[in-house]
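Read the structure below first, then the notes.
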Amino acid sequence: MIKILIGAIVSLGSVFIVIACLYFFFYPSKGILRIKELEQIKQTFSDNQKGAKRFIIGGSDVLYSFNTEKMNQELTIPTVNLGTNVGLGLGYLVDYGKKLAKPGDKIIACLAYSLYYNPPYHIFSFEYYRMFDKKKLTRFSVPAFIYYAIANLRYNFSYVQREFVIGESGCYLDVTGSQLAKEKEKALYFPENFNVTNSIRQLEEFKSYCLSHGIELYITYPSTLGFESYRNSHYLERLTSYLTENYQVIGKPEDYFVPLNHIFNSVYHINEVGQNFRTSRLINYLREKEKLYVSE
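Quick note, our numbering runs 598 ahead of the 1-based positions in the sequence shown.
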């Protein structure tokens with residue numbers, strides 16, 4: 599009886615290992631395939647542009663916030679929207695910027711606040727590397743490897759893809775109305791104290807990379823639903839001071855705290871009303887700074 603039980607356990611263990619291996623090597627995550635599709639759209643547009651380009655890098659909030667189609671109608675330097683997903687981590691996002699930017703280009707990094715304190719290679723970069731670049735999985739410690747593998751497994755089987763109009767330059771278009779669930783209408787989490795994290799070190803390395811490669815780097819803040827508590831946030835105050843002292847910065851956090859009627863389905867995802875407002879502000883800033891106009 600004991601031998602039969604042991605045999606059954608061994609058999610089940612073997613089946614589990616086979617299934618785990620098949621999943622690890624062959625399962626196509628729909629969420630990551632979507633990110634890959636977005637990257638291909640953005641790279642195709644970038645490759646088709648001549649001369650200097652402007653890139654806006656960040657998570658999905660960048661997809662919603664900046665109408666780069668409108669920017670390309672009103673400014674002379676073509677702009678590519680490199681927004682993808684905050685869950686990739688800041689390290690992945692700046693690596694992506696390095697991949698596309700060339701000497702003479704400009705980069706605006708619009709970074710969701712969590713990117714500054716979360717790991718530089720986060721949950722979805724793990725899944726991206728599992729599918730497309732397994733050698734980079736060595737960036738993760740054993741505990742992180744196990745945690746992200748399990749977390750992505752759960753995410754993959756609950757993923758639902760929304761369909762949006764995507765412009766040639768990589769932005770979302772025609773995102774109308776507001777679908778913010780009441781339980782999501784809450785303030786963002788901020789750490790009690792500001793510290794130079796591994797992600798911020800990655801940003802500092804990226805700044806050095808840009809300087810040495812003739813790429814102009816700017817930092818700006820994300821559009822997000824405003825809450826009164828943000829105005830007394832010690833973390834935001836210290837983050838703002840750090841960025842202002844070390845980078846070329848566009849605006850202040852409070853410039854981009856938006857009302858509820860600008861929000862689509864997340865405190866970081868703005869609708870067409872919010873997008874038009876944010877895009878127009880950036881166009882006006884760039885016109886003033888760079889004196890760029892399209893001849894009528």
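C-beta atoms are modelled at their ideal positions from N, C-alpha and C, and glycine is treated no differently. Since the model is a prediction, treat every value here as computed from it, not as a measurement.
Self-check item: Where the beta strand (DSSP E) through Thr818 begins and ends
Solution: Residue numbering aside, residue 818 sits at position 220 when the sequence shown is read from its first letter. That run of the beta strand (DSSP E) goes 814 to 818.
Self-check item: Pair within 9 Å by beta-carbon distance, Tyr711 and Ser627
Solution: As a first step, residue 711 is located in the sequence shown; it is residue number 113 there, counting from the start. As a first step, residue 627 is located in the sequence shown; it is residue number 29 there, counting from the start. Not in contact: Tyr711 and Ser627 (Cβ atoms no closer than 9 Å).
Self-check item: CB contact flag (Lys700, Ile848, <9 Å)
Solution: Here residue 700 refers to the residue found at position 102 when the sequence shown is read from its first residue. Here residue 848 refers to the residue found at position 250 when the sequence shown is read from its first residue. No, they are not a contact pair.
Quiz prompt | 6 Å Cβ shell around Pro676 - same chain, five flanking residues per side excluded | solution = In the sequence shown, counting from the first residue as 1, residue 676 sits at position 78. Excluding positions up to five away in sequence, the list reads Gln647, Lys651, Asn670.
Practice problem: Helix, strand or coil for Cys769, going by three-state DSSP, please let me know. | Solution: One-based indexing of the sequence shown puts residue 769 at position 171. The three-state reading of DSSP puts Cys769 in coil, since its state is none of H, G, I, E or B.
Quiz item: What did DSSP end up calling Asn844 once you bin it into helix, strand or coil?
Solution: Position 246 of the sequence shown, counted from the first residue, corresponds to residue 844. If DSSP states are grouped into helix, strand and coil, Asn844 belongs with the helices.
Self-check item: For Phe819, the nearest candidate out of Gly629, Gln638, Gly656 (CA to CA)
Solution: Indexing the sequence shown from 1 puts residue 819 at position 221. Checking the sequence, you will find Tyr at residue 819 rather than Phe. The option with the nearest alpha carbon to Tyr819 is Gly656.
Quiz item: According to DSSP, what are the bridge partners of Gly681?
Solution: Working through the sequence shown from its first residue, we reach residue 681 at position 83. Residue pairing by DSSP places Gly681 opposite Gly656 in a beta bridge.
Practice problem: Check whether the Cβ atoms of Ile798 and Tyr753 sit closer than 9 Å, and answer yes or no. | Solution: Against the sequence shown, residue 798 aligns to sequence position 200. Against the sequence shown, residue 753 aligns to sequence position 155. Cβ atoms of Ile798 and Tyr753: not closer than 9 Å.
Quiz prompt | Start-end ranges of the beta strand (DSSP E) lying completely within the stretch 668 to 724, minimum 3 residues | solution = Qualifying beta strand (DSSP E) stretches, in chain order: 677 to 681, 704 to 708.
Quiz item: Would you call Asp772 buried or exposed, if buried means 16 or more other Cβ atoms sit within 10 Å of its Cβ?
Solution: If you number the sequence shown from 1, residue 772 lands on position 174. With a 10 Å radius around the Cβ and a threshold of 16 neighbouring Cβ atoms, Asp772 comes out exposed.
Quiz item: Is His832 helix, strand or coil by DSSP?
Solution: Stepping through the sequence shown from its first residue, residue 832 is reached at position 234. Secondary structure of His832 (DSSP, three-state): helix.
Quiz item: So Asn869 and Ile861 are in contact, right, with Cβ under 8 Å, and what is the actual spacing, rounded?
Solution: Here the question's residue 869 lines up with position 271 in the sequence shown. Here the question's residue 861 lines up with position 263 in the sequence shown. About 7 Å separates the CB atoms of Asn869 and Ile861; that is less than 8 Å, so the two are in contact.
Quiz item: Phe762 and Ser831 look like a contact to me (Cβ under 8 Å); what is the Cβ gap, rounded to whole Å?
Solution: One-based indexing of the sequence shown puts residue 762 at position 164. One-based indexing of the sequence shown puts residue 831 at position 233. The beta-carbon separation of Phe762 and Ser831, rounded to 31 Å, does not stay under the 8 Å limit for a contact.
Quiz prompt | Backbone CA spacing between Lys732 and Pro717 [nearest angstrom] | solution = Here residue 732 refers to the residue found at position 134 of the sequence shown. Here residue 717 refers to the residue found at position 119 of the sequence shown. So the two alpha carbons sit approximately 18 Å from each other.
Practice problem: Taking the CB atoms as reference points, tell me whether Leu823 and Pro851 lie closer together than 9 Å. | Solution: The residue labelled residue 823 in the question sits at position 225 within the sequence shown. The residue labelled residue 851 in the question sits at position 253 within the sequence shown. Not closer than 9 Å, so no.
Self-check item: For Val740 and Ser878, the rounded distance between their alpha carbons
Solution: As a first step, residue 878 is located in the sequence shown; it is residue number 280 there, counting from the start. As a first step, residue 740 is located in the sequence shown; it is residue number 142 there, counting from the start. Distance between the alpha carbons of Ser878 and Val740: 46 Å.
Quiz item: Would Ile654 pass as a contact of Ala707 if the rule is Cβ separation under 9 Å?
Solution: For the purposes of this step, residue 654 is taken as the residue at position 56 of the sequence shown. For the purposes of this step, residue 707 is taken as the residue at position 109 of the sequence shown. It is a contact, given that the beta carbons lie within the stated cut-off.
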